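Everything below concerns the one structure shown next.
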Amino acid sequence: MHHAIPISWYLIVSAILFTLGTIGVLVRRNPLTIFMSIELMLNAVNLSFITFSSYLNSVDGQMFVFIVLTVAAAEVVVGLAIIVSIFRTRRNINVDEMNVLRG
Amino acid sequence: MIAGVPIPNFIEFVVLAVASIASGLGVILFKSAIHSALTLILALLFVALFYLLLGAMFIAVVQVLIYAGAIMVLFLFVVTMLASENTGDVIEPDRKPWQRGIAATLGFILIGALSYLLFTGTAINSAAITTAASGNGLAQHVADPKLGNTQAFGLALFHGFSFPFEITSLLIIVALLGAMVLGRRSLSRDERH
Amino acid sequence: MTNLTPWVLLLPLLGFILQGLFGKFMPRRAILTIAWGASGLAFVFAAISFFSMLHTAPAARLNDAVLYTWASSGTVANHVLSGNVPLNISFGLLLDPLSATMLLVITGVGFLIHIYSAGYMEDDPSFWRFFAYLNFFIFAMVLLVSADNFLFLLVGWGLVGLASFLLIGFWYTKRSAVDAARKALVINIIGDLGMMLAIFLIFQHYGTLNYLTNGSINGVFDLVTKGGVATGVTTAICLLLFVACAAKSAQLPLYMWLPDAMEGPTPVSALIHAATMVTAGVYLVARANPLFQVSPDALIVVAIIGGVTALFAATIALTQLDIKRVLAYSTISQLGYMFMAEGAHNYSAGVFHLTTHAYFKALLFLGAGAIIHSLGGEQDMRNMGGLSKRLKITMVTFVIASLAISGIIPFAGFWSKDDIIGSLLTQAVNGGGALFYVLWIMALITAGLTAFYMFRLVFGIFAGDYRGQGPLAHGHGSDEVTDEEHEGGHGGLYAIYEAPAVMTIPLIILAVLSTIGGLIGSYAIFGQPHWNIFASWLSPVFTNPAWTNLPVQDLSLSFGLTLTSGLLSFGLACLGILVAWRMYGKGFVYKESKNPIYQLLIHKYYIDEICIALIINPIKWVGRTASALLEGNLLDGGSRGIAWVSRGSSDGLRRLQTGYMRNYALAILFGVVLLIIYFAVMRG
Numbered sequence: 000m001h002h003a004i005p006i007s008w009y010l011i012v013s014a015i016l017f018t019l020g021t022i023g024v025l026v027r028r029n030p031l032t033i034f035m036s037i038e039l040m041l042n043a044v045n046l047s048f049i050t051f052s053s054y055l056n057s058v059d060g061q062m063f064v065f066i067v068l069t070v071a072a073a074e075v076v077v078g079l080a081i082i083v084s085i086f087r088t089r090r091n092i093n094v095d096e097m098n099v100l101r102g
Numbered sequence: 000m001i002a003g004v005p006i007p008n009f010i011e012f013v014v015l016a017v018a019s020i021a022s023g024l025g026v027i028l029f030k031s032a033i034h035s036a037l038t039l040i041l042a043l044l045f046v047a048l049f050y051l052l053l054g055a056m057f058i059a060v061v062q063v064l065i066y067a068g069a070i071m072v073l074f075l076f077v078v079t080m081l082a083s084e085n086t087g088d089v090i091e092p093d094r095k096p097w098q099r100g101i102a103a104t105l106g107f108i109l110i111g112a113l114s115y116l117l118f119t120g121t122a123i124n125s126a127a128i129t130t131a132a133s134g135n136g137l138a139q140h141v142a143d144p145k146l147g148n149t150q151a152f153g154l155a156l157f158h159g160f161s162f163p164f165e166i167t168s169l170l171i172i173v174a175l176l177g178a179m180v181l182g183r184r185s186l187s188r189d190e191r192h
Numbered sequence: 000m001t002n003l004t005p006w007v008l009l010l011p012l013l014g015f016i017l018q019g020l021f022g023k024f025m026p027r028r029a030i031l032t033i034a035w036g037a038s039g040l041a042f043v044f045a046a047i048s049f050f051s052m053l054h055t056a057p058a059a060r061l062n063d064a065v066l067y068t069w070a071s072s073g074t075v076a077n078h079v080l081s082g083n084v085p086l087n088i089s090f091g092l093l094l095d096p097l098s099a100t101m102l103l104v105i106t107g108v109g110f111l112i113h114i115y116s117a118g119y120m121e122d123d124p125s126f127w128r129f130f131a132y133l134n135f136f137i138f139a140m141v142l143l144v145s146a147d148n149f150l151f152l153l154v155g156w157g158l159v160g161l162a163s164f165l166l167i168g169f170w171y172t173k174r175s176a177v178d179a180a181r182k183a184l185v186i187n188i189i190g191d192l193g194m195m196l197a198i199f200l201i202f203q204h205y206g207t208l209n210y211l212t213n214g215s216i217n218g219v220f221d222l223v224t225k226g227g228v229a230t231g232v233t234t235a236i237c238l239l240l241f242v243a244c245a246a247k248s249a250q251l252p253l254y255m256w257l258p259d260a261m262e263g264p265t266p267v268s269a270l271i272h273a274a275t276m277v278t279a280g281v282y283l284v285a286r287a288n289p290l291f292q293v294s295p296d297a298l299i300v301v302a303i304i305g306g307v308t309a310l311f312a313a314t315i316a317l318t319q320l321d322i323k324r325v326l327a328y329s330t331i332s333q334l335g336y337m338f339m340a341e342g343a344h345n346y347s348a349g350v351f352h353l354t355t356h357a358y359f360k361a362l363l364f365l366g367a368g369a370i371i372h373s374l375g376g377e378q379d380m381r382n383m384g385g386l387s388k389r390l391k392i393t394m395v396t397f398v399i400a401s402l403a404i405s406g407i408i409p410f411a412g413f414w415s416k417d418d419i420i421g422s423l424l425t426q427a428v429n430g431g432g433a434l435f436y437v438l439w440i441m442a443l444i445t446a447g448l449t450a451f452y453m454f455r456l457v458f459g460i461f462a463g464d465y466r467g468q469g470p471l472a473h474g475h476g477s478d479e480v481t482d483e484e485h486e487g488g489h490g491g492l493y494a495i496y497e498a499p500a501v502m503t504i505p506l507i508i509l510a511v512l513s514t515i516g517g518l519i520g521s522y523a524i525f526g527q528p529h530w531n532i533f534a535s536w537l538s539p540v541f542t543n544p545a546w547t548n549l550p551v552q553d554l555s556l557s558f559g560l561t562l563t564s565g566l567l568s569f570g571l572a573c574l575g576i577l578v579a580w581r582m583y584g585k586g587f588v589y590k591e592s593k594n595p596i597y598q599l600l601i602h603k604y605y606i607d608e609i610c611i612a613l614i615i616n617p618i619k620w621v622g623r624t625a626s627a628l629l630e631g632n633l634l635d636g637g638s639r640g641i642a643w644v645s646r647g648s649s650d651g652l653r654r655l656q657t658g659y660m661r662n663y664a665l666a667i668l669f670g671v672v673l674l675i676i677y678f679a680v681m682r683g
């Protein structure tokens, strides 16, 4: 497929989204929001995979995205289960409170 | 032509880019978790549109169906369940406010470095890349241009990637079991008899 | 000629091993059988070797039984022969007149002392250990005198030092004995160091350690006579060897250990510190005579030190109150005589005095031991007296020995001592210069002093009335202090009995030897060396015709001068005895004198105190300071510092573990950014 837009533009967008996700992980204290930021990061990566797949005329990138999608789904399930069970015992979901592992 | 790119392509790209970045910002900036979740759905949709732009139709639909449809719904369930306990986000003040500054700085640095790399990287000439890539053993499954995207994808999935496919289904089962175990309410003392 | 030296060496070693391993469980008879058997057979084999030598021509009286090659490979440089010589150090046992003489003395006197010890040590619970050590000592001493190279001489040297240490500290529960053993060992190690340095020098310059050429192995003495090595080097070698001799033979300034060595049992004092071990130094100088002959300066040092030591020790002996200490200083003095003779180039005179001294000094010590045994442990002369009524045999033998050591005709000591004094005069007359006249006069004075203090001892022990209180309750090993600490003895004089036969028979044998043993060298009185049977027996060792490069000493003296010297020494000896008779003939009355000279002498010139102040205390101070500084600050501080560093760093690193997930994520991001910057820089 002929591409009019240089590849680096797409990749920049992906980079920006990735960075936004990273900042979100670092700044927010609600674990759910942190999770969402992680999802944002995953999506950014997916975008760059698809970009490369498109520009290299290869299906491998899309395959990878497919699998990443599946893994993200599984991860979300387990992660939310963990958060819920933490919430049940602590009644509080501030990540700063969860510092039992401090050295 | 703007910056060597035909105007229609440019517009569609820029609009989508701005929209997805804006929704990304929204995810990380909203105080309320519900708002963040909804904004994330928006971001996912815009990214799916990007996929369409890039010719990955199948993946775009899959993204909408699974990510935006299933995963985010799950998120919303949990968010609303937990949000009903707290009003909004946590009220206590941030114990380490300085982290925001550092995070922002690092974020800018990251973007800057990535941009530098991406802009100064060699432009991708798709044909040349393709032949070179196939010579290196990369891009094994070069799509036959006559096939449609879904067909090509299906062929690759069941011919070249069947093993990862099976493993992924195993992964899903494991995650399912894990979630069931984790989600089980342990019997409290009074209930045990 | 049969060389049975390997057996002489092996039998005492076997005795030591057997008694050492199993002695604790053996009955007394078995121990005595092994001990007496080993030393007795050793003596028999030594005697057989000796007699077989008598039947060989004098020039052929040399047999080197090489037992195995210790090191043999490559070549080594030497400064005498051109080019390198092959390296070859082997273990062999040399039998020649000198070593045969020494062997007879060692095994003979050793055997007699083994017999005597059976009686002296009868009450001791560590009976077996004593005989094991005695056998070990015989083995070590035989090794020393019969080794055919310097290396195994050193081995024997060290082993006799060990034997001495073990035997001085035999009653190791007594603090003073342990201290004395340690003192002996430390001073002997100084001597060992000197010998090691000498051996290094010998090896460096001659490339070999054997005494005499044996087949393909060169002999040091044969190479010495070829010249080629600077006199400075040979003098250094000889002086270093003499350091070892001074330590082992208790000469100035390394004599301090010998009086303290009297803490050991009396048979030990008799065997090791009178008859045999301390004579190792004299043997060494005699054995290495070619080296000393090419270093006249070293010989002068030997003579001077011998002379000064003889006089010095005799003066201290004048005032001592412990009978064993008197005998110890007397030993030091007589050893000085032997070194004086060797310094005057008359090696055979030194060896002759060595043999006669072995007889009468062993006899003196064994007699003292019999007295101590009969008195139940008393050693202080102030508590004796009048013992002539009770200890007849002991007295007679003791007096014979005293006459011998004082140099009274016809006893053995006269001939040998006169040989020495005569040789000093010979050297003075034949070119030794004024030094030897001075030494001659010193020797004469010492002879007079010797006679005096010996008979002071004799009268103090045997004459007059008994001043003590009877046999003490406990056994041997009392200090030389007064008997205030002891319980009063019981029974007085008439509870004292003569020593048992097993102790008196060796006394009698040694007394006979002290009487007639000197006659073999008696022709020396006539000043003509070739009339001296003993000297001519030993001459192949000292005057080898193959050694053309050595200066030939003229050892002859005119008859007139010999007679004068002999009469002078005899007269001074008689004078000494007379003075002692006048002062103590009626019994020894102890007066604490405030005379400063007396105080100086009785405190042994305060040498021990000086040593402690000048040497021991600074060393202790250095040790303490080093311990405090180095160990306290450096080592302890170092290890504490390491602990502090690790604790501090772990404390610091602990702060990274905040427990906040966000901090961890920040750290990850930080790392990622660094990586990307790195790639960006690399690209650019």
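Chain order of the listed sequences is Y, V and C. Its first residue numbered 0, the first sequence is counted upward by one per residue in numbering that gives the first Met the number 0. Its first residue numbered 0, the second sequence is counted upward by one per residue in numbering that gives the first Met the number 0. Its first residue numbered 0, the third sequence is counted upward by one per residue in numbering that gives the first Met the number 0. We put the beta carbon where it would ideally sit given N, CA and C, even for glycine. Here the structure is a predicted model, which is why all the values come from computation and not from measurement.
Query	Result
Own chain partners of K23 (chain C) with C-beta closer than 7 Å, once the 5 adjacent residues on each side are dropped	W127
For G91 (chain C), the residue or residues it bridges with in DSSP	C:V65
Proximal chain V residues relative to V12 (chain Y), where beta-carbon distance stays under 9 Å	F12, L15, A16, S19, I20, F49
Chain V residues whose Cβ lies nearer than 7 Å to that of R661 (chain C)	Q98
Cross-chain neighbours of T50 (chain Y) in chain C, by beta carbon under 9 Å	Those within 9 Å of T50 (chain Y) in chain C number zero; the least Cβ separation is about 18 Å.
Proximity test, Cβ basis, 7 Å: V94 (chain Y) and chain C	yes
Exposed unless 16 or more other CB atoms sit within 10 angstroms - verdict on M394 (chain C)	buried
Buried versus exposed, by CB contacts within 10 Å (16 or more), K360 (chain C)	buried
Which of helix, strand or coil DSSP assigns to G73 (chain C)	strand
Where the alpha helix (DSSP H) containing P5 (chain C) begins and where it ends	4-21
Coil, strand or helix - D635 (chain C) by DSSP	helix
Assigned secondary structure, A146 (chain C) (DSSP; H/G/I helix, E/B strand, else coil)	strand
Under 8 Å by beta carbon: chain C residues contacting V99 (chain Y)	G658
Distance, G206 (chain C) Cα to I408 (chain C) Cα	48 Å
Proximity test, Cβ basis, 7 Å: L184 (chain C) and chain Y	no
Under 7 Å from the C-beta of S161 (chain V): neighbouring residues of chain Y	Within chain Y, no residue comes near S161 (chain V); the closest Cβ sits about 11 Å away, beyond 7 Å.
Strand pairing of N29 (chain Y), partner residues [DSSP]	Looking at the DSSP assignment, N29 (chain Y) forms no beta bridge with any residue, so it has no partner.
Cutoff 7 Å: V672 (chain C) Cβ touching any chain V Cβ	yes
Neighbour list for L668 (chain C) in chain V, Cβ cutoff strictly below 8 Å	A102, L105, L109
Helix, strand or coil at I216 (chain C) [DSSP, three-state]	strand
Straight-line gap, E165 (chain V) to W97 (chain V) (C-alpha atoms, nearest Å)	46 Å
Test item: CB-CB of S53 (chain Y) and L10 (chain Y) under 7 Å	no
The ligand MN heavy atom lying under 6 Å from the CB of F160 (chain V)	You won't find the ligand MN in this model; it holds no ligand whatsoever.
Beta-carbon proximity list for I601 (chain C), same chain, < 6 Å, skipping 5 on both sides	T318
Under 7 Å between C-beta atoms of I6 (chain V) and T18 (chain Y)	no
E74 (chain Y): first and last residue of the uninterrupted alpha helix (DSSP H) it sits in	59-89
Among C:K388, C:F220, C:Q333, C:Y496, nearest to T445 (chain C) - alpha-carbon criterion	C:Q333
Test: V72 (chain V) CB closer than 7 Å to a CB of chain Y	no
Where V4 (chain V) sits in the DSSP three-state scheme	strand
Beta carbon proximity, A664 (chain C) to chain V, threshold 7 Å	no
Any 3 or more C-beta pairs closer than 8 Å across the region 636-656 of chain C and the region 69-84 of chain Y	no
Limits of the alpha helix (DSSP H) - the one that I495 (chain C) falls within	Premise fails: I495 (chain C) is in no alpha helix (DSSP H) and is neither H nor E.
The region 296-306 of chain C / the region 340-359 of chain C touching (three or more Cβ pairs under 8 Å)	yes
Integer Cβ distance of V104 (chain C) from T308 (chain C), believed to fall under 8 Å	Between T308 (chain C) and V104 (chain C) the Cβ distance is about 22 Å, and since that is not below 8 Å, they are no contact.
Local conformation of L208 (chain C) per DSSP, three classes	coil
Residue-level contact to chain Y via CB, V64 (chain V), 7 Å cutoff	In the sequence as displayed, the identity of residue 64 (chain V) is Leu instead of Val. Taking Cβ atoms only, chain Y never reaches closer than 7 Å to L64 (chain V), which makes this a no.
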